[in-house]
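Colleague: Submitted below is the structure of interest, expressed as structure tokens.
Numbering (this note's numbering), first residue to last: 637 to 708.
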């Protein structure tokens, strides 16, 4: 799981499209606004998105690993 967390942090820091997907929300006028992580509501949104990403990619990595294992 630590590898997925590190991948998320690295991608969030260097990929503008990834940052836009995870670090912004729709504003009242329809534009995107950055999440303000000092605001508890925005911090909850960001944390939920991060946890979902980590959960999804941890499951995918486990499934890919299992496909390569032959315990017969």
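For glycine and all other residues, C-beta sits at the position ideal for the given N, C-alpha and C.
Here the structure is a predicted model, which is why all the values come from computation and not from measurement.
Under a three-way DSSP split, which group does residue 664 fall into?
Modeller: coil
Colleague: Between which two residues does the alpha helix (DSSP H) harbouring residue 656 extend?
Modeller: 652–659
Colleague: Restricting to Cα atoms, I'd like to know which of 638, 678 and 694 is closest to residue 661.
Modeller: 678
Colleague: In whole angstroms, what separates the C-alpha of residue 648 from that of residue 637?
Modeller: 16 angstroms
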